[in-house]
Every structure is written in structure tokens, then in C-alpha cells.
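Before any comments, here is the structure.
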Amino acid sequence: MQGDLSRPSPRRATRRKTIDVKHYSLWSLFREGLTGHRGWPQAWRSPTPKPAYDVVIVGGGGHGLATAYYLAKNHGITNVAVLERGWIGQGNSGRNTTVIRSNYFFPASAAFYEFSLKLYEKLGEELNFNTMVSQRGLVTPSHSRHDLEGARRWVNAMRLNGIDSEMLTTAEIKRMVPLLDTSPQARHPILGGFIQRRGGVARHDAVVWGYARAADALGVDIIQNCEVTGFSFEKGRAVGLRTTRGDIRAGKIGLAAAGHQSVLAAMAGFRLPLITYALQAFVSEPLKPWLDVVLLSPATGVYASQSDKGEIVLGGGLDLYPSYAQRGNLPTAEHVMAGFLELFPTLSRARFMRQWAGMTDVVHDSSPIIGKAPVDGIYLNCGWGTGGFKAIPAGGWTFAHTLAHASPHKLVEAFGLDRFISGAMVDEAAASGIAH
Amino acid sequence: MLLITCPHCGARDENEFSCGGQAHIARPGPPEAVGDAEWARYLFERDNPKGMHFERWVHRHGCGQWFNVARDTVTHEIKAIYGALEPKPDLP
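These protein sequences, in sequence, are chains A and B. So the first sequence is residues 4 to 439, counted in the working numbering. So the second sequence is residues -1 to 90, counted in the working numbering.
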């Protein structure tokens, strides 16, 4: 009987009326459950590229897809294509450690990342897609007196910026994370710390798929397996792209290619203040629930959370030489594991199942670049370094505005390329989470 | 794990070394003739290629000497190691 239900029956398929299940709901799930889940349509189309678009976005990760969605939703620009070299979410959007937070220091970054976190809080409803946002709290322990003083200053700065944060004692941290080694003889003793309770995690694939599906429903063409090989110019202005699926003309071009942004820039004839590094992440075998916050320990160079499946999702610092290899090297892996075991000696027998690396585009001041490129007709969304995932909603929102109005959104005015000439850096080295 | 042959000490593990970024960057000058845009290019803009990269390394936990490495940023294969003041080797 079960076999019957799972096998598609051609007779029933022809009799079946097309039911609109484009809107995901408990009712549509129930109705599909009665008929073997055969009525779900594809979440987005796979269109052939048109010869021309008003806006072409290069990079089908979170930022590119969110930009396309907000171009259509907020600005009514629907003649938009997103070009992706592989498949959507194949790059950093599927390779991060899924942390969302807004614990930034300077007003410009705090306003931007807080806006992003607020968009995340409503993203599931907005996209009609379960993005599995879980605001379980982000705990940052302090391992020395200087760490502790830094944490107090950080917490105060966050509060002045109107963002929730509070100091924790060692006992409070121990209550939240009992497996943490808080003994005085620990290699990295814990003297206290702080928490952003609204910080947490979201399902990274769901964010990509949610934006893709919602953008597609508004008319955006998502073109996968389409690599950009060059640009075409008229009177010094970029007016189109050469791709592996033919030439495409574009009113405006938005580049959101993360680690590969410098490669695109070189094709268009300019350079960027970016260096591409590998950032590794690791996933353990599933364990019983033991960690219900996100733990970020800058001193040991480790951040960890536990997924719904029970795996420890673990990240650390960069492999500190330029790399486009999506794998990472062993010395860094060993360093991250060592730091993790200093915090949780009990877990020395846990085994890791998977390891990978994302290509991060690191900027000297650890702040992003959103705005006009040195070449007319091209706009940039890059420089997210090690923390692009949490910025996806606000990055898309402000980049869409920047493309639509040909001038930066007020939240990203501080993040233009001109800051490297004026010297007005937004040096977020600490809040970027992990030392570069 | 990279095995890097220090010109002074021989082949050692990568954790003895630190990468100092792109090599062969000429400081513009004289300073009074250099504008803000040119300083920004010198200080911040980098080639960041996908492929052959000419970069500076220092044997930090060894002899402390700087030298240059030609390395592929995709395969991490080291194609040449040469002195800090020597010109770029002719590599594809």
C-alpha cells in the first residue's frame, strides 16, 4: 500500500487538477499529504536567459538573491536576472556557520547589522518559507581581565546603539553551558562574558531558497550554471556581460560574488581592496542536546553551536594566506579543534564528519563594500569577509536601493569604496567575531 | 599542509611561516607628489588573483628572513621560491 502511494500513478496524474500550492501553509501541507505530495510545483523556474535585463546581478548567493527580491518587492524592478556560476547557494551561503547577530561596536555597523537582524526576525513570514530562525542567544566568554574590560566596553557600546546585550558572571555562563571548562586551572579560564539574547542561528539553505522562490514569484529570472566570462562596454560604461550562456545586456550590473569579486573586477578592468582567504567550518557526528546557545570565544578562536540534528557546527579563524581553494588546510583545522577542546575537554572523543571552506573576501577594516564601482554601470556588494550570512537581508535591501536609485542607501553610506581614499574606515576588527 | 623551502633553512612545515601578502608592490613617491587616491591604491588595492600569485613570506619561527614565493591560489602548488629583492620569475 505504501509502495502504491509513493509511486506516481499516470492515471491519477492526468485526472488531477492543478492545485495552487504556491503558498506554503499547514493547509497546503495537509492537502498534499492526502495525495502523496505530488502537487508541489518547482520552487523556482529555470528560465533561458533573455537578451537584456534592467538589472543583472552576478552571484546567486544570499546577497544576490536578496537583492533581486528587494529590487522587485521594494522598487518594482522585476526585469532582473541573477546569474550563478554553479547552483544557487553553492558558495559561501551554503558554507557558513549560520550565526545571526548584531553585536557591533561602531554606530554605522550597529545600525546596519541591527536592521539585518530585525529583517531576519520576520523573514519566515516575509518569504513564506521556514528559515528556522532560532534566537537562542550568543554568549561571548572573556578569558582574561583585559578580555573582561573589553567586553564591558563592547556591551556599553551596543547599549548606546540601542542593541540588547548584558554582562554575565562565570556562574551564569556555567549554568547556560554546563560542559564548558570554567575551572580556574583551565588553559583559558572564564572570568565572565556577555550575551546578546537576540543573537542565534538560521537555516542557511532555507534563506537562499526562500529568497530565490520569492524573487522568482515576482518575475526575477534565476539563471544557474551561467558563468560570467567578460563585460562589454560602450563609451566607458559597462552595458552587458559575456557569459557561458550567451551575451546579456544590462541597464545596471550588480556584482555580489563574495570571494570571486576580485576576479570579476579584473575582467572589468579595476582592482578592489579585497583579499580572498579560506574560512573553514566543521560538523561533528550528532550528539545529544547539550549546547542551546551560540558560543563565540575570540581568545581560543572558536565559535560553536549545535544544529537541530545534534551536530556541533564549529568554525574558527582564517587560513592566513590567499586562497581560492574551497577546502582549507590542516594546520588551521588542528588549531580550531585544539581551541574547542580547551573549552570542552569532555568532548575529546567526539568525531567530526565533515569539513569545508568558504572563500571570504576580507577588507582591511572588516567592513563591507556597498556602492558604485570605479567603472560606470557597475555596482558592488562585497567585502563581507567572515560574516556575510548575518548581513544577507540588509545587504540585499540596501544594495537593491543602491541599484535602483544609483546612490547608496543611508545605512551603507559609510561603506563605499571612497573610505579607502578619505581614510574614514569603520574598523570592526573585534566585532567581526574572529581575529584576521 | 604546505611544505615551504626556506632559502636559508630548507624545507619546513607551513606553521613556521607567515604570509605577508602580495610581493613586488612599489611604494609611490616622492611622498609630497602622491595624492590620496594613489596612496589608497598602494595601501589597500591588491591583485588577489585566482591562480598564480607572487607573495612575500617570512620564516617567523625560524631564521626570521623574508623571501618571495610564486604559488597557485587554487591548487596551493608552490612553483618558485626566490629572494625578496629578486624580480618576478617568468611563470604563466
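Even for Gly, the Cβ is constructed at its ideal location relative to N, Cα and C. Here the structure is a predicted model, which means the values were calculated and not measured.
Beta-bridge partners of C4/B (DSSP): G8/B. At least one beta carbon of chain B lies nearer than 8 Å to the beta carbon of P334/A. Interface annotation, R44/B: in contact with chain A, CB-CB separation under 8 Å.
If you ignore the 5 residues before and after T134/A, its C-beta comes within less than 7 Å of the C-beta of L126, G127, A205, R206, A209, V210 and G213, all in its own chain and listed in chain order.
For A328/A, the closest Cβ of chain B is nearer than 8 Å. With a cutoff of 8 Å on beta-carbon distance, A261/A and G391/A are scored as near each other. When secondary structure is reduced to three states using DSSP, R155/A falls in the helix class. H51/B sits in a strand when the DSSP states are folded into three classes. If you keep only unbroken alpha helix (DSSP H) runs of at least 4 residues inside the segment 39 to 127 of chain A, you get 65 to 78 and 110 to 124. DSSP places W293/A outside any alpha helix (DSSP H), giving it a letter other than H or E. A contact between stretches requires three or more CB pairs, one per stretch, nearer than 8 Å, and the segment 39 to 57 of chain B meets this requirement with the segment 258 to 278 of chain A.
At a beta-carbon threshold of 7 Å, the residues of chain A lying near T71/B are P325, S326 and Y327, ordered along the chain. Legend: CB atoms of the segment 273 to 294 of chain A lying less than 7 Å from CB atoms of chain B belong to residues R274, L275, P276, L277, I278 and T279.
By the criterion of at least three beta-carbon pairs nearer than 8 Å, the segment 223 to 240 of chain A is not in contact with the segment 26 to 35 of chain A. By the rule that beta-carbons nearer than 8 Å mark a contact, C17/B touches chain A. The C-beta distance from Y382/A to T405/A rounds to 6 Å, short enough to fall under 8 Å. Of all residues in the segment 417 to 436 of chain A, the ones placed with a Cβ closer than 7 Å to any Cβ belonging to chain B are F423 and I424, in chain order.
Selection A407/A, A189/A and L290/A evaluated against R354/A yields L290/A as nearest (Cα-Cα).
Counting along the chain, M340/A sits inside the alpha helix (DSSP H) bounded by residues L333 to L346. For N13/B, the closest Cβ of chain A is nearer than 8 Å.
The beta carbons of G386/A and I395/A sit about 14 Å from each other, so the pair does not count as a contact at 8 Å.
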